[in-house]
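Only one structure is covered here, and it is reproduced in the block below.
Numbering (the working numbering), first residue to last: 1 to 226.
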């Protein structure tokens with residue numbers, strides 16, 4: 001890849017996948033771009049210049065895909081998270097960094113860090129990313145601890161997958177009743193969720209009414225018999 005991307009101010013999409021691309025991602029690739037989709041999936045890239053990506057506005061509207069590369073080391077706490085980032089299948093290690101809010105709350109909505117070598121727990125600060133809807137930290141075998149209950153209060157979070165780790169759900173599973181689709185969270189949910197209580201009551205009453213109708217028909221038929 002060339003070192004200079006400053007002149008490509010109208011670039012909206014760049015896809016270079018499965019080409020054995022190696023080395024570092026050019027530091028200027030996002031500094032003058034916005035609403036851009038960068039896909040370097042299935043290559044041999046070894047580093048990302050997190051600290052040199054200073055245009056947080058560009059990143060906030062961009063999608064970065066670096067799945068299945070050779071990226072390693074710790075994730076910098078100076079990361080300006082993009083709108084969507086895919087880092088699955090690399091070798092990142094250490095703790096998941098605290099959320100960088102120096103230029104405001106990031107608008108990240110999708111975070112995939114599955115199949116790396118991360119350890120520790122999910123940071124509480126990540127819950128400040130209020131638009132975050134999907135989090136994947138699956139198969140990070142060094143991750144452990146009870147997930148902070150603040151994650152259950154995130155307004156848009158609907159997917160939280162952490163199988164293949166030693167992370168555990170909060171003891172009070174009622175906290176997770178904010179999730180609309182329980183199929184997408186590794187945490188169990190309370191069967192007393194208000195969305196289901198109405199159905200249970202309706203089914204119960206319907207069953208009683210059906211039994212009464214059957215009983216009434218039996219009595220009616222019995223009284224009409226000669």
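Every residue gets a Cβ at the ideal spot worked out from N, C-alpha and C, and that includes glycine.
For residue j and residue i, believed in contact at Cβ under 8 Å, the rounded distance
i	j	result
residue 37	residue 62	7 Å
Neighbourhood of residue i by C-beta, 7 Å cutoff - its chain only, sequence neighbours within 5 removed
i	result
residue 19	43
residue 192	Low local confidence applies: a pLDDT of 39 at residue 192 is under 50, so the model's placement there is unreliable, with the coordinate-based value given in what follows. Same-chain partners within the cutoff: there are none.
Selected residue, minimal CA-CA separation from residue i, among the options
i	options	result
residue 50	68, 95, 100 and 91	100
residue 152	141, 74, 124 and 71	124
residue 110	167, 131 and 84	84
residue 21	10, 11, 46 and 166	46
residue 159	141, 170 and 132	132
residue 77	126, 69, 71 and 112	126
residue 71	23, 112 and 12	23
Cβ neighbour criterion (16 or more within 10 Å) applied to residue i
i	result
residue 28	buried
residue 221	exposed
residue 17	exposed
residue 35	exposed
residue 86	buried
residue 48	buried
residue 210	exposed
residue 165	buried
residue 217	exposed
residue 203	exposed
residue 79	buried
Cβ shell of residue i (< 8 Å), same chain only, five flanking positions each side left out
i	result
residue 237	Past the boundaries of the shown model lies residue 237; the chain is included only from 1 to 226, so the question cannot be answered.
Cβ neighbours of residue i in the same chain (closer than 6 Å, five flanking residues each side left out)
i	result
residue 95	120
residue 117	91 and 93
residue 81	106 and 108
residue 67	41, 86, 88 and 89
residue 167	143 and 147
residue 64	38, 82 and 85
For residue i, the three-state DSSP class (helix, strand or coil)
i	result
residue 119	strand
residue 223	helix
residue 207	helix
residue 95	strand
residue 80	coil
residue 167	strand
residue 63	strand
residue 151	helix
residue 214	helix
residue 11	coil
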